[in-house]
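**Q** First, the structure itself, so that you have it in front of you.
Number of protein chains: 2
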Amino acid sequence: MSALKNKTVEGFVAELASSSPAPGGGSAAALSGALGAALVSMVCRLTIGKKGYETFEKEAEAILVQSDLLWAELVSAIDRDAEAFDRVMDAFRLPKGSDEEKTRRSAAIQAAFREACESPRNTALKSLEVLRLCSLLLGKVNENAISDLGVAAASAHTGLLGALMNVAINLPSIKDVTYTSSAAEESARWRAEGEGLIDLVSRGVESLLSGK
Amino acid sequence: MSALKNKTVEGFVAELASSSPAPGGGSAAALSGALGAALVSMVCRLTIGKKGYETFEKEAEAILVQSDLLWAELVSAIDRDAEAFDRVMDAFRLPKGSDEEKTRRSAAIQAAFREACESPRNTALKSLEVLRLCSLLLGKVNENAISDLGVAAASAHTGLLGALMNVAINLPSIKDVTYTSSAAEESARWRAEGEGLIDLVSRGVESLLSGK
Chain A
317 MSALKNKTVE
327 GFVAELASSS
337 PAPGGGSAAA
347 LSGALGAALV
357 SMVCRLTIGK
367 KGYETFEKEA
377 EAILVQSDLL
387 WAELVSAIDR
397 DAEAFDRVMD
407 AFRLPKGSDE
417 EKTRRSAAIQ
427 AAFREACESP
437 RNTALKSLEV
447 LRLCSLLLGK
457 VNENAISDLG
467 VAAASAHTGL
477 LGALMNVAIN
487 LPSIKDVTYT
497 SSAAEESARW
507 RAEGEGLIDL
517 VSRGVESLLS
527 GK
Chain B
317 MSALKNKTVE
327 GFVAELASSS
337 PAPGGGSAAA
347 LSGALGAALV
357 SMVCRLTIGK
367 KGYETFEKEA
377 EAILVQSDLL
387 WAELVSAIDR
397 DAEAFDRVMD
407 AFRLPKGSDE
417 EKTRRSAAIQ
427 AAFREACESP
437 RNTALKSLEV
447 LRLCSLLLGK
457 VNENAISDLG
467 VAAASAHTGL
477 LGALMNVAIN
487 LPSIKDVTYT
497 SSAAEESARW
507 RAEGEGLIDL
517 VSRGVESLLS
527 GK
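Sequence lines, in order, name chains A and B.
Residue numbers for the first sequence follow this note's numbering, so the first one is 317 and each next one is one higher.
Residue numbers for the second sequence follow this note's numbering, so the first one is 317 and each next one is one higher.
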């Protein structure tokens, strides 16, 4: 399969809508996070060098370096997530005749599910980082781009939540309890931090928009 | 400019990140809504014809017809929003030497801002419709696609909120008070309905995921 990131936007959406389970919610979450990071980059670019925002220029430049990295990584995560799903399907198709085959198949399934959790965990953490950048930019960006900052935060939050749902649906298939309990605990922590950040940014953007 | 929907996913995200204000948050919101609608379609397709879901088949088929229409419309909205922004910029560049030119320029600016509100209003309403479909599907879809339904709802909600922020930033530039007050009132109504729906679906998806 050719890389999803190289499909047209319309082609990707059509493929998402198809009966094939991959790409699915995990890839959509990664794209959401990428849209959030890209909008952070745009907001920074529309602020740097603009009259009236000189005080925030250094900070916007530092954030831009991070957001440009994050959108590229989150775009890659679109394909990583679809591949992780395919690997789970492949593992289930392995032969299970002899005891040796059963052991090998079972190990392959466990490894595939681990990756099917690690992939959305990566998307979740990167999306959370985008949300953190949004909160740092609040009140410091070109006022014509306030709505873009708001959409950035909402998109990043959807990337985070969507990825965590994909972690949650795959976690019960993993037998390693040390891994699952630590991943579940981390999911709860990221989710709570994301909730606080989206609340903060949404309120801030709303008050700036209504003050226009 | 070639249509945004024909760019590659990676190319679109890169263009979003660039210093050009269009595409911006409005186009990203439309894409979010489209991702939500496409995931609704996928969830329906993974439910129709599946053993154990015969009772919900008719309903899933009816919803699928709507979600397939909605994702196509929301994909078109990606370009419509960027074009609306460009039209505002073009209107500001019109000559303003004579009184006649001033009047013509002012009318063009008003018409352009009206379209810059109508475009995200269309995205908001379509995204809200996607959210309504998600709520109708709750508890009736293939259990392997529960997380996809959750990501669908989160994406549609971001499409709605993101579009409403774009309405809010453009509305103050419109002088027709009948239009602005009715649009503001409608925004508040859609937002409240969306809030209720995303709460409902998120709680439902979460409880289904934790029961797995």
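Glycine is no exception: its CB is placed at the ideal position from the N, C-alpha and C atoms.
Everything numeric in this text was worked out from a predicted model, so none of it was measured.
(1) Can you name the residues of chain A whose CB is closer than 8 Å to the CB of T474 (chain B)?
(2) So, at 7 Å on beta carbons, what are the nonlocal neighbours of S334 (chain A) in its own chain, with the 5 sequence-adjacent residues on each side left out?
(3) Provide the residue span of the alpha helix (DSSP H) that contains S523 (chain B), from first to last.
(4) Going by C-alpha distance, which of A:G342, A:M481 and A:A470 is nearest L351 (chain A)?
(5) Which one of B:T474, B:L444, B:R519 and B:A468 has the shortest CA to CA distance from E502 (chain B)?
(6) Which chain E residues are close to P411 (chain A), counting only those with a beta carbon under 8 Å from its beta carbon?
(7) State buried or exposed for T419 (chain B), treating a residue as buried only when at least 16 other CB atoms are found within 10 Å of its CB.
(8) Give the residues from the segment 317 to 344 of chain B that approach chain A closer than 7 Å (Cβ to any Cβ), ordered along the chain.
(9) Should A432 (chain A) be flagged as near chain B, meaning a C-beta pair shorter than 8 Å?
(10) When the Cα of A537 (chain B) is compared with those of B:A432, B:L524, B:V467 and B:G455, which residue comes out closest?
(11) Just tell me which of A:N438, A:G466, A:D492 and A:A345 has its CA closest to the CA of S518 (chain A).
(12) In the DSSP output, which residue or residues are listed as bridge partners for T371 (chain B)?
(13) For L477 (chain A), return the contacting residues in chain B, with the cut-off set at a CB-CB distance below 9 Å.
(14) Tell me the DSSP secondary structure of T474 (chain A) in three-state form.
(15) Give me the Cβ distance between V329 (chain B) and V391 (chain A), rounded to the nearest whole Å; I'm assuming they're in contact under 8 Å.
(16) To the nearest angstrom, how far is it from the Cα of W449 (chain A) to the Cα of S357 (chain B)?
(17) Against chain A, which members of the segment 357 to 368 of chain B pass a CB distance test of less than 7 Å?
(18) Of the residues B:G341, B:D415 and B:S526, which one's Cα is nearest the Cα of N460 (chain B)?
(19) Assuming G512 (chain B) contacts S463 (chain A) (C-beta within less than 8 Å), just tell me the rounded distance between them.
(20) Just the Cα atoms here: how many angstroms apart are V325 (chain A) and R403 (chain B)?
(21) If you draw a straight line from the C-alpha of V521 (chain B) to the C-alpha of T494 (chain A), how long is it?
(22) I'd like the list of long-range same chain contacts for W506 (chain B), defined as Cβ closer than 6 Å, with 5 residues on each side in sequence excluded.
(23) Using 10 angstroms around the beta-carbon of G368 (chain B), count the other beta-carbons present and answer buried if the total reaches 16, otherwise exposed.
(24) Closer than 8 Å by beta-carbon distance: list the chain A residues that pair up with V521 (chain B), in chain order.
(25) Output yes or no for whether 8 Å exceeds the beta carbon distance between G475 (chain A) and S348 (chain A).
(26) Of the residues A:S497, A:T496 and A:S435, which one's Cα is nearest the Cα of A479 (chain A)?
(27) Can you tell me the Cα-Cα spacing of K442 (chain B) and I490 (chain A), whole angstroms?
(28) What residue does the alpha helix (DSSP H) around T532 (chain B) start on, and which one ends it?
(29) Using a C-beta cutoff of 8 Å, does W387 (chain B) count as contacting chain A?
(30) Let me see if you follow: with CB-CB separation under 8 Å, is S435 (chain B) close to chain A or not?
(31) If you follow the alpha helix (DSSP H) that A461 (chain B) is part of, which residue opens it and which one closes it?
(32) State yes or no: is the C-beta of R396 (chain B) within less than 8 Å of the C-beta of L380 (chain B)?
(33) Cutting at 7 Å between CB atoms, please list the residues of its own chain near M481 (chain A), excluding the five before and the five after it.
(34) Can A338 (chain B) and F401 (chain B) be called in contact, C-beta distance under 8 Å?
(35) I'd like to know if L525 (chain A) contacts chain B, where contact means its C-beta is closer than 8 Å to some C-beta of that chain.
(36) How many angstroms separate the CA atom of S497 (chain A) from the CA atom of G510 (chain A)?
**A** To lay it out plainly:
(1) The sequence position of residue 474 (chain B) within the second sequence is 158, counting from 1. Those are S348, V467, A470, S471, H473 and T474, listed as they occur along chain A.
(2) Indexing the first sequence from 1 puts residue 334 (chain A) at position 18. Contacts found: none.
(3) Sequence index remark: in the second sequence, residue 523 (chain B) carries index 207 (1-based). Looking at the DSSP string, the run of the alpha helix (DSSP H) that includes S523 (chain B) is V493 to S526.
(4) Stepping through the first sequence from its first residue, residue 351 (chain A) is reached at position 35. Of the candidates A:G342, A:M481 and A:A470, the one whose C-alpha sits nearest the C-alpha of L351 (chain A) is A:A470.
(5) Start at 1 with the first residue of the second sequence, and residue 502 (chain B) comes out as number 186. When only C-alpha atoms are compared, the closest one is B:L444.
(6) The chain labelled as chain E is not found among the protein chains of the depicted structure, namely A and B.
(7) Counting from one through the second sequence, the residue named residue 419 (chain B) turns up at place 103. Around the beta carbon of T419 (chain B), fewer than 16 other beta carbons lie within 10 angstroms, which makes this residue exposed.
(8) Correct list: L320, K321, N322, K323, T324, V325, E326, F328, V329, L332, A333, S334, S335, P337, G340, G341 and A344.
(9) If you number the first sequence from 1, residue 432 (chain A) lands on position 116. No - not a single Cβ of chain B is within 8 Å of the one on A432 (chain A).
(10) Residue 537 (chain B) lies beyond the residue range present for chain B, which begins at 317 and ends at 528; the question has no answer from this structure.
(11) Along the first sequence, one-based indexing puts residue 518 (chain A) at 202. It is A:G466.
(12) Counted from its first residue, the second sequence places residue 371 (chain B) at position 55. By DSSP's assignment, T371 (chain B) forms no beta bridge with any residue.
(13) Your numbering for residue 477 (chain A) matches position 161 in the first sequence. Contact of L477 (chain A) with chain B by beta-carbon distance below 9 Å involves G466, V467, A470 and S518.
(14) For this step, residue 474 (chain A) is matched to residue 158 along the first sequence. DSSP places T474 (chain A) in the helix class (H, G or I) of the three-state scheme.
(15) Taking the second sequence and counting its residues from 1, the one referred to as residue 329 (chain B) is at position 13. Taking the first sequence and counting its residues from 1, the one referred to as residue 391 (chain A) is at position 75. Correct: roughly 6 Å between the Cβ atoms.
(16) To locate residue 449 (chain A), count along the first sequence from 1; it is residue 133. To locate residue 357 (chain B), count along the second sequence from 1; it is residue 41. Per the sequence shown, the amino acid found at residue 449 (chain A) is Leu instead of Trp. If you take the alpha carbons of L449 (chain A) and S357 (chain B), they lie about 33 Å apart.
(17) Hits within the stretch, in order: S357, M358, R361 and L362.
(18) Looking up residue 460 (chain B) in the second sequence gives position 144. When the alpha-carbon of N460 (chain B) is set against those of B:G341, B:D415 and B:S526, the nearest one is in B:S526.
(19) As a working mapping, residue 512 (chain B) is identified with position 196 in the second sequence. As a working mapping, residue 463 (chain A) is identified with position 147 in the first sequence. Contact flag wrong, Cβ pair sits at about 23 Å.
(20) Within the first sequence, the letter at position 9 stands for residue 325 (chain A). Within the second sequence, the letter at position 87 stands for residue 403 (chain B). Cα-Cα distance, rounded: 23 Å.
(21) For the purposes of this step, residue 521 (chain B) is identified with residue 205 of the second sequence, where counting begins at 1. For the purposes of this step, residue 494 (chain A) is identified with residue 178 of the first sequence, where counting begins at 1. Going from the Cα of V521 (chain B) to the Cα of T494 (chain A) covers about 25 Å.
(22) What you label residue 506 (chain B) is simply residue 190 of the second sequence in a count that begins at 1. Cβ neighbours of W506 (chain B) beyond the five flanking positions: A440 and L444.
(23) As a working mapping, residue 368 (chain B) is identified with position 52 in the second sequence. Under this definition G368 (chain B) is an exposed residue.
(24) Within the second sequence, the letter at position 205 stands for residue 521 (chain B). Correct list: M481.
(25) Locating residue 475 (chain A) in the first sequence gives position 159, counting from the first residue. Locating residue 348 (chain A) in the first sequence gives position 32, counting from the first residue. Yes; because the gap between Cβ atoms is below 8 Å, this pair is in contact.
(26) Within the first sequence, the letter at position 163 stands for residue 479 (chain A). Taking each of A:S497, A:T496 and A:S435 in turn and checking the Cα distance to A479 (chain A), the smallest one comes out for A:S435.
(27) Stepping through the second sequence from its first residue, residue 442 (chain B) is reached at position 126. Stepping through the first sequence from its first residue, residue 490 (chain A) is reached at position 174. Annotation: K442 (chain B) to I490 (chain A) spans about 38 Å, alpha carbon to alpha carbon.
(28) Because chain B spans 317 through 528 in this model, residue 532 (chain B) falls outside it and cannot be assessed.
(29) As a first step, residue 387 (chain B) is located in the second sequence; it is residue number 71 there, counting from the start. Yes, its Cβ sits closer than 8 Å to a Cβ of chain A.
(30) To locate residue 435 (chain B), count along the second sequence from 1; it is residue 119. Judged by the 8 Å Cβ criterion, S435 (chain B) is not in contact with chain A.
(31) The residue given as residue 461 (chain B) occupies position 145 in the second sequence. Premise fails: A461 (chain B) is in no alpha helix (DSSP H) and is neither H nor E.
(32) Mapped onto the second sequence, residue 396 (chain B) falls at position 80. Mapped onto the second sequence, residue 380 (chain B) falls at position 64. No, these two residues do not count as a Cβ contact at 8 Å.
(33) Counting from one through the first sequence, the residue named residue 481 (chain A) turns up at place 165. G341.
(34) Walking along the second sequence from the start, residue 338 (chain B) turns up at place 22. Walking along the second sequence from the start, residue 401 (chain B) turns up at place 85. Yes, these two residues count as a Cβ contact at 8 Å.
(35) Position 209 of the first sequence, counting from 1, holds the residue named residue 525 (chain A). Chain B, which has a Cβ nearer than 8 Å to the Cβ of L525 (chain A), makes this yes.
(36) Translated into positions along the first sequence, residue 497 (chain A) becomes position 181. Translated into positions along the first sequence, residue 510 (chain A) becomes position 194. Taking the straight line from one Cα to the other gives about 20 Å.
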